[in-house]
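Shown next, in structure tokens, is the structure this report addresses.
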Amino acid sequence: MAEVLLDVQRVSCRFPLPGRTVLQAVDDVSFQIRRGEVFGLVGESGSGKSTLVRCIMNLIRPSAGKIYYQGIDIWDKKQFQENRKHLQTARQIIFQDSTSSLNQRMKVADIISEPMVIHGVTPPRGSHRAEAAFQLHYVGLDASYLDKYPPELSGGMRQRVAIARSLSMEPEFLVADEPVSSLDVSIQAQILNLFRHLQEEHGFTFLFIAHDLAVVRYLCGRAAVMYHGKIVELAPVRALFADPKHPYTQALLASVPAPDPRRERARKPVEFGEFSTAGTLRELAPDHYVLTEDC
Amino acid sequence: MPELLNVKNLSVSFRTPQGEVEAVRDVSFSVKAGEVLAIVGESGCGKSVLCKSILKLLPVTAQIKSGSIHADGMDITSLSEREMQKLRGRLFSMVFQDPMTALNPTIPAGRQIAEAVRVHRPRAAGTEVRCRVESLLTLVGLTPEKAQLYPHQLSGGMRQRCVMAAALASEPKILFADEPTTALDVTVQAQILDLLREIQQTLGTATVLVSHDLGVVARAADRVAVMYAGKIVEIGTVEEIFYDPRHPYTWGLLLALPSLAREGEPLYAIPGTPPSLLHPPKGDAFAPRNRYALAIDYEEAPPMFQITETHFAATWLLDERAPPVESPVKGGFYG
Numbered sequence: 019m020a021e022v023l024l025d026v027q028r029v030s031c032r033f034p035l036p037g038r039t040v041l042q043a044v045d046d047v048s049f050q051i052r053r054g055e056v057f058g059l060v061g062e063s064g065s066g067k068s069t070l071v072r073c074i075m076n077l078i079r080p081s082a083g084k085i086y087y088q089g090i091d092i093w094d095k096k097q098f099q100e101n102r103k104h105l106q107t108a109r110q111i112i113f114q115d116s117t118s119s120l121n122q123r124m125k126v127a128d129i130i131s132e133p134m135v136i137h138g139v140t141p142p143r144g145s146h147r148a149e150a151a152f153q154l155h156y157v158g159l160d161a162s163y164l165d166k167y168p169p170e171l172s173g174g175m176r177q178r179v180a181i182a183r184s185l186s187m188e189p190e191f192l193v194a195d196e197p198v199s200s201l202d203v204s205i206q207a208q209i210l211n212l213f214r215h216l217q218e219e220h221g222f223t224f225l226f227i228a229h230d231l232a233v234v235r236y237l238c239g240r241a242a243v244m245y246h247g248k249i250v251e252l253a254p255v256r257a258l259f260a261d262p263k264h265p266y267t268q269a270l271l272a273s274v275p276a277p278d279p280r281r282e283r284a285r286k287p288v289e290f291g292e293f294s295t296a297g298t299l300r301e302l303a304p305d306h307y308v309l310t311e312d313c
Numbered sequence: 601m602p603e604l605l606n607v608k609n610l611s612v613s614f615r616t617p618q619g620e621v622e623a624v625r626d627v628s629f630s631v632k633a634g635e636v637l638a639i640v641g642e643s644g645c646g647k648s649v650l651c652k653s654i655l656k657l658l659p660v661t662a663q664i665k666s667g668s669i670h671a672d673g674m675d676i677t678s679l680s681e682r683e684m685q686k687l688r689g690r691l692f693s694m695v696f697q698d699p700m701t702a703l704n705p706t707i708p709a710g711r712q713i714a715e716a717v718r719v720h721r722p723r724a725a726g727t728e729v730r731c732r733v734e735s736l737l738t739l740v741g742l743t744p745e746k747a748q749l750y751p752h753q754l755s756g757g758m759r760q761r762c763v764m765a766a767a768l769a770s771e772p773k774i775l776f777a778d779e780p781t782t783a784l785d786v787t788v789q790a791q792i793l794d795l796l797r798e799i800q801q802t803l804g805t806a807t808v809l810v811s812h813d814l815g816v817v818a819r820a821a822d823r824v825a826v827m828y829a830g831k832i833v834e835i836g837t838v839e840e841i842f843y844d845p846r847h848p849y850t851w852g853l854l855l856a857l858p859s860l861a862r863e864g865e866p867l868y869a870i871p872g873t874p875p876s877l878l879h880p881p882k883g884d885a886f887a888p889r890n891r892y893a894l895a896i897d898y899e900e901a902p903p904m905f906q907i908t909e910t911h912f913a914a915t916w917l918l919d920e921r922a923p924p925v926e927s928p929v930k931g932g933f934y935g
């Protein structure tokens, strides 16, 4: 078993709303990610996936619980300060919307080398520009794009620039928040192949967030399904798709349209009710955890 | 079934400082009553422009270069804006991609649907309008009480239902749905697609569904048109397109789907990028990205070859002189 890279322990995150109400965005979530694995996080919008990721990336303080990255308590001020450099370079995030996560007034070369400038890293390939060209080449774009501005690029290219920027720090842990959901299938395939290459050849560890279950099945080793701030099921992807145990997971899988008209026509409309989120995660099969009610 | 919409050899161009962008090039198709035609393709292939040019919702820089549009037996190609306004809503209406931007956040949902009802029946009494709004809400699967709520109080799926209710307010014969479920979750998406099919069957509307998601198309469409670089490259029934595609671009789209990937194999990605429509290339626009491209593809654009009565594809591979090519999609694809 590889070492545990990220350990999330009973994390909750609440936001106060007007009046006395409180929004429980993340509710008592625990899981671990091991080195070299691609971990998927699935759920509909509002299920708390992005909030959880922001907690993991030191962007939103969780209301309760602990998050350890290689044993470092990342929300402990002292421990964070001592390991600040490591935490900020080893973990990188790719956001969903590359239009808003890239500065429109910066050239591609400057966007990609900015993290190196901020962290005072000497570029291993001589100059910042050469380093940017290398990273661009790595994600499948040539050096002619170095002097372009983000609005001149298509969505797929911008997403690749965002990936190149996160790779420039040579991270070990990459978080991708719906990186392909806004792309066309043909470009999506290129990006997914790139992610898979990064994981297989370079041993990157991924936390991959998606609402497209087919993408998760293609890319991830294990996946967790979130619903109303809770993880309702956590299992190896193959088991999750072959034998979903939680009713929400079953409904979710049943509602994904497959590119197969005969099967689609034969299918009955999916009924969606509310699902209970009471209970605790139990291991029903080896490595297959399901939220079950206490009895 | 009568043909409600018939588009013949339509070409639409945009005037830009750099020159003329040929967004839609020589497109022909027709839609019958009670039928869903899906238009699929990558972003920028001209699918939205095609819909908007039929509704005449394009900016002034756009111009219909040639071709004709017949709707419900009427030639609407050169109608003025005033005449089009009478037809919009009554003859055809449109459901847009993002329900949050299509609704006014400061007006309750019910009043926005009522607005659509009043535009077409200016003399209707208040109670009559209210009745109509209630029946529309029921039609799209919402309770009448939802009429009081503001858009932000509704979920994404409910908002899209309200937009559909407004679009159906004066019983259009043709409904355009431009990526109606892209902004929604899969769970909600399934419900909206089922609703779309149900409404189309009860009211007998002809629907043009624009989508880039082939799963959505498989669920909701009767016929499919695949667009590339402003042209329809393949058109056929949904079964023909999914089980027996003939155009290499359709193969590429299907092979790129992660849900159809074989375990452990990399996904097939169509190499390169779509061509600029500012100066469309000579010959077949897909040729530079096509691994089956023939020499003639770079010289002359292929005509539409007929495969069956309903199935057409524009690729030189279907010419009798072309070398036989085994379709990578056919056989064992769906197990």
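Protein chains in written order, with our numbering: chain A, 19 to 313; chain B, 601 to 935.
Ideal placement from N, C-alpha and C gives every residue a C-beta, glycine not left out.
Residue pairing from DSSP leaves Pro699 of chain B without any beta-bridge partner.
The three-state secondary structure of Glu620 of chain B, taken from DSSP, is strand. Here the C-alpha atom of Tyr163 of chain A lies approximately 12 Å from the C-alpha atom of Ile129 of chain A.
The three-state secondary structure of Phe293 of chain A, taken from DSSP, is coil. The region 271-281 of chain A makes contact with the region 801-818 of chain B; the number of CB pairs closer than 8 Å reaches 3 or more. The shortest CA-to-CA distance from Val612 of chain B to any of B:Val640, B:Leu658 and B:Val695 is the one to B:Leu658.
Using beta-carbon distances, His670 of chain B does not count as an interface residue toward chain A, since no partner is under 7 Å.
Beyond the five residues adjoining it in sequence on each side, Asn704 of chain B comes within less than 7 Å, by CB distance, of Gln712 in the same chain, given in chain order. At a cut-off of 7 Å between beta carbons, His752 of chain B makes no contact with chain A. In this structure, the alpha-carbon of Glu909 of chain B lies about 13 Å from that of Ile841 of chain B. Close partners of Asp785 of chain B in chain A (Cβ separation under 8 Å): Glu62, Ser63 and His229. Distance from the Cα of Arg300 of chain A is smallest, within the candidate group A:Pro142, A:Glu251 and A:Ser294, for A:Glu251.
Taking the Cβ atoms as the reference, Phe49 of chain A lies roughly 5 Å from Val26 of chain A, within the contact range of under 8 Å. For Ile832 of chain B, the enclosing beta strand (DSSP E) begins and ends at Lys831 to Thr837. Taking C-alpha positions only, Lys686 of chain B is separated from Cys238 of chain A by approximately 53 Å. Secondary structure of Gly54 of chain A (DSSP, three-state): coil. The Cβ atoms of His812 of chain B and Val833 of chain B lie no closer than 7 Å to each other. Using beta-carbon distances, Leu853 of chain B counts as an interface residue toward chain A, with a partner under 7 Å.
Using a CB distance cut-off of 7 Å, Ala303 of chain A does not count as an interface residue toward chain B. Residue contact check for Leu41 of chain A against chain B: no CB pair falls below 7 Å.
When the beta-carbon positions are compared, Gly830 of chain B and Ala623 of chain B come within less than 7 Å of each other. Closer than 7 Å to the CB of Glu149 of chain A there is not a single CB belonging to chain B. Of the candidates A:Asp261, A:Ala241 and A:Thr298, the residue whose Cα lies closest to the Cα of Gly58 of chain A is A:Ala241. Out of A:Arg53, A:Cys31 and A:Phe226, the CA that lies nearest to the CA of Asp46 of chain A is found in A:Cys31. Interface criterion not met: the Cβ of His847 of chain B is under 7 Å from no Cβ in chain A. Annotation for Leu855 of chain B: Tyr868, Pro928 and Val929 place their beta carbon closer than 7 Å to its own, counting only its chain and skipping 5 residues before and after.
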